[in-house]
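Peer 1:
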Amino acid sequence: MNGVVTWYSGRSLREKRLLLIMVALAAVTIIWAGIIRPVGDALSSAQSRQVDAVTRLGETRAAVAAVRSAQALRGRALTGTLADAVRARADAAGFQLTNLDEQAPDRIHVTLTSARPAAIVPWLARLERQGLLVQGARLTDNGDRTVAVDLVIGTQGR
C-alpha cells in the first residue's frame, strides 16, 4: 500500500484529479454492474413469474370449477330406468318418440320422425346438463323445415 501512496504523491495535480475521477467512475461501474443491474433483473424475473403464477391460478380455478360441475352432474341419480327418464324428458319437451330401444341398461336408441332443429338441439344440450350423455346423433333433413332424429343416449359413468 505504501508503494501506491508514494506513486500517487509523485503525480501532478492534474494527474491526481484524473486518477480520482477514474476511481470514482470505476466504483460507479462496479456498483451498477454488481448490485443495481442484478437486483433489477431479479425483480423483473420475479414479476414475470408472478404474472405466470396468477395466470396458472386462474386456469386452475376454471378447471376445478369445470370438474366440480361435471361431478355434480355425475352425482345425479336417475329415477327409474334410462328409457323412462328419456321418455319423460321428451314428453315434457313436446317430442313424439317414434322408437325407443334399450340396447343395454345404460344405453338406449331413440328415433324421432319429425322435430324442429331449433328445438331438438337445445333439448339435447339439456339432456347432457341433466347427466345423460348423447353418444351419437344423426339429424336428417325432411325437406319441410323439420329433421328426422336418430340418437344413442347413455349415462355418464354410472
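Numbering (the working numbering), first residue to last: 21 to 178. Glycine included, every Cβ here is placed at the ideal spot set by N, Cα and C.
Work out the CA separation of residue 73 and residue 140 for me, nearest whole Å.
Peer 2: Those two C-alpha atoms are separated by around 42 Å.
Peer 1: Taking DSSP's pairing of strands, which residues face residue 171 in a bridge?
Peer 2: When DSSP reads this structure, residue 171 sits in a beta bridge with 130 and 157.
Peer 1: According to the neighbour-count rule (16 or more other Cβ atoms, all chains shown, within 10 Å of its Cβ), is residue 30 buried or exposed?
Peer 2: exposed
Peer 1: Could you tell me the alpha carbon to alpha carbon distance between residue 178 and residue 156, rounded to whole angstroms?
Peer 2: Here the model assigns residue 178 a pLDDT of 48, short of 50, so the residue's position is not dependable, and the following value carries that caveat. Going by the C-alpha atoms only, they are around 18 Å apart.
Peer 1: Determine the extent of the alpha helix (DSSP H) in which residue 104 is found, giving its start and end residues.
Peer 2: 102–113
Peer 1: Which word fits residue 132, buried or exposed, when buried means at least 16 other C-beta atoms lie within 10 angstroms of its C-beta?
Peer 2: buried
Peer 1: Measure from the alpha carbon of residue 100 to the alpha carbon of each residue in 175, 137 and 21, then state which is nearest.
Peer 2: The shortest C-alpha separation from residue 100 is found at 175.
Peer 1: To which residues of the same chain is residue 95 closer than 6 Å at the C-beta, ignoring the five residues directly before and after it?
Peer 2: Since pLDDT at residue 95 reaches only 49, below the 50 mark, its modelled position is unreliable, and the value read off the structure follows with that caveat. There are no such residues.
Peer 1: Whole angstroms is fine: what's the gap from residue 81's alpha carbon to residue 104's?
Peer 2: 37 Å
Peer 1: With DSSP as the reference, label residue 152 as helix, strand or coil.
Peer 2: Residue state, collapsed to three classes: strand.
Peer 1: Assign residue 164 to one of three DSSP states: helix, strand, or coil.
Peer 2: coil
Peer 1: Quick one: is residue 149 near chain C, going by C-beta distance under 8 Å?
Peer 2: Absent here is chain C; the protein component of the structure consists of one chain.
Peer 1: For residue 122, which beta-bridge partners are listed by DSSP?
Peer 2: 128
Peer 1: Distance check for residue 36 and residue 46, CA to CA, integer angstroms please.
Peer 2: 15 Å
Peer 1: What is the DSSP secondary structure of residue 95, counted as helix, strand or coil?
Peer 2: Unreliable placement is indicated for residue 95, whose pLDDT of 49 sits below 50; the coordinate value is still reported in the next sentence. Assigned with DSSP and collapsed to three states, residue 95 falls in helix.
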